[in-house]
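Student: Here's a structure for you.
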Amino acid sequence: MCIGLIGGMDRLERYYVREADRFDIQLKVFNQWERNLSKKINSLDALILFTDKVSHMAKKEAMDVARGNQIPIFLHHSSGVSTLRKCLELIKNRKKGE
């Protein structure tokens, strides 16, 4: 399973990836807007957006792509590791239920 994380703090990136590894999830972290962001996120299984640390342009582009490709979106204002952990638990439980 591959999940994208947009936003968050640069200094926490390694902790984000480590936490995702505990759930056997491949995490792609985008701390800031990048060129061709839409191409990079259109094949993800889910998208987590930390809204406190992301530009409006990156948020809008990510939301448009996710909606167009029916990718589940999780929006959170907080960008801590515990917030990511809660999102990953929710995503993992959803996948089990399918």
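Counting the sequence shown from 1 gives a position; the working numbering is that position plus 5. Ideal Cβ positions, reconstructed from N, Cα and C, are used throughout, including at glycine. All of these numbers come straight from a predicted model, not from anything done at the bench.
1) Taking just the CA atoms, how far does glycine 85 sit from valine 70?
2) Rounded to whole angstroms, what is the Cα-Cα separation between lysine 58 and serine 87?
3) Could you give the C-beta distance for alanine 25 and leucine 17, rounded to a whole number, given that I count them as a contact under 8 Å?
4) Name the DSSP bridge partner or partners of glutamine 31?
5) Thinking C-alpha only, which one of Ala63, Ile78, Met6 is nearest arginine 27?
6) If contacts are defined as beta-carbon pairs under 8 Å, then valine 34 and tyrosine 21 qualify, I think. What distance do you get, rounded to the angstrom?
7) What is the rounded straight-line gap between the Cα of isoleucine 96 and the Cα of asparagine 41?
8) Taking the beta carbon of glycine 9 as the centre, do at least 16 other beta carbons fall within 10 Å, making it buried, or is it exposed?
9) Nearest-angstrom Cα distance between histidine 61 and tryptophan 38?
Tutor: The short version:
1) Along the sequence shown, one-based indexing puts residue 70 at 65. Along the sequence shown, one-based indexing puts residue 85 at 80. Rounded to the nearest angstrom, the two C-alpha atoms are 24 Å apart.
2) Sequence index remark: in the sequence shown, residue 58 carries index 53 (1-based). Sequence index remark: in the sequence shown, residue 87 carries index 82 (1-based). Straight-line Cα distance between these residues: approximately 16 Å.
3) Taking the sequence shown and counting its residues from 1, one reaches residue 25 at position 20. Taking the sequence shown and counting its residues from 1, one reaches residue 17 at position 12. Alanine 25 to leucine 17, Cβ: 12 Å. No contact.
4) On the sequence shown, position 26 is the one that residue 31 refers to. Answer is Cys7.
5) For this step, residue 27 is matched to residue 22 along the sequence shown. Closest by alpha carbon: Met6.
6) Against the sequence shown, residue 34 aligns to sequence position 29. Against the sequence shown, residue 21 aligns to sequence position 16. Rounded, the Cβ-Cβ distance is 6 Å, consistent with contact.
7) Position 91 of the sequence shown, counted from the start, is the residue given in the question as residue 96. Position 36 of the sequence shown, counted from the start, is the residue given in the question as residue 41. Rounded to whole angstroms, isoleucine 96 to asparagine 41 spans 25 Å at the Cα level.
8) Here residue 9 refers to the residue found at position 4 of the sequence shown. The residue in question, glycine 9, is buried, as its Cβ has 16 or more Cβ neighbours within 10 Å.
9) Residue mapping note: residue 61 aligns to position 56 of the sequence shown, counting from 1. Residue mapping note: residue 38 aligns to position 33 of the sequence shown, counting from 1. When rounded, the distance between both Cα atoms is 9 Å.
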